[in-house]
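No gaps in the numbering here: position 100 of the sequence shown is 114 in our numbering, and each next residue is one more. The beta carbon of each residue, even a glycine, is placed where N, CA and C say it ideally should be. To start, the structure under review is shown below, and the notes come after it.
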Amino acid sequence: TVTGILHALLILGLNEVKKWISLIIFNQMKTNKPHELIRAALIRGLFMEKVAIFQRRRKQRDEYFLVGLFSLAEAIMDAPIENILQETHLTEEITEPLITGKGIKAELVRVIHHIERAQWEEAEAAAKRANLTLSRAAQFYIEAMTDANKVLR
15 TVTGILHALL ILGLNEVKKW ISLIIFNQMK TNKPHELIRA ALIRGLFMEK
65 VAIFQRRRKQ RDEYFLVGLF SLAEAIMDAP IENILQETHL TEEITEPLIT
115 GKGIKAELVR VIHHIERAQW EEAEAAAKRA NLTLSRAAQF YIEAMTDANK
165 VLR
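Right, here's the structure in full:
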């Protein structure tokens, strides 16, 4: 049993605690949205983190995770992404891809968007632009779903 924040940090590690805190805050923001939407946001975050690690961007994994997590913020909050992000005080490396739709992080959000909709040609094209194969992206998506299910038990 975890007895406090320091104990949680020791057991889970800083990155896992940050994920949990992000998810809790994100979950608190929602109103009457379905649980599945929060699950999809978590899957996106975990997918993005896996890609960051794979593409040797380990130091940016938290940024990637948060871009994925917040990529469904408009649907969850029923508000423009700019307004939502203004309240979060996240760094530009996180907010910029979400607002402009430009850069590798935004391209990866498009990859997962197309995978979720089984739009394989579009997913493959977006994956290629993000220096990723569709099969690798699909593998990361499946792993992210498995991890999300563990977190949300």
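For residue i, count neighbouring Cβ atoms within 10 angstroms of its own Cβ and tell me buried if that reaches 16, exposed if not.
{"i": "residue 167", "result": "exposed"}
{"i": "residue 105", "result": "exposed"}
{"i": "residue 74", "result": "buried"}
{"i": "residue 128", "result": "buried"}
{"i": "residue 76", "result": "buried"}
{"i": "residue 115", "result": "exposed"}
{"i": "residue 162", "result": "buried"}
{"i": "residue 51", "result": "exposed"}
{"i": "residue 147", "result": "exposed"}
{"i": "residue 158", "result": "buried"}
{"i": "residue 85", "result": "buried"}
Specify, as a first and last residue, the run of the alpha helix (DSSP H) that residue i falls within.
{"i": "residue 100", "result": "95-102"}
{"i": "residue 149", "result": "148-165"}
{"i": "residue 139", "result": "134-143"}
{"i": "residue 53", "result": "49-68"}
{"i": "residue 114", "result": "106-114"}
Throw me the rounded Cβ distance for the residue i and residue j pair, which I believe falls under 8 Å.
{"i": "residue 118", "j": "residue 152", "result": "That pair is no contact at about 18 Å."}
{"i": "residue 90", "j": "residue 99", "result": "Residue 90 to residue 99, Cβ: 13 Å. No contact."}
Between the Cα of residue i and the Cα atoms of the options, which residue gives the shortest distance?
{"i": "residue 155", "options": "88, 142, 126", "result": "126"}
{"i": "residue 141", "options": "49, 65, 53", "result": "65"}
Got a sec: is the Cβ-Cβ distance from residue i to anything in chain B below 9 Å?
{"i": "residue 109", "result": "In the structure shown, chain B cannot be found, because there is only a single protein chain."}
Inter-stretch contact (C-beta, 8 Å, three-pair minimum) for the region 79-93 and the region 53-60: Touching, yes.
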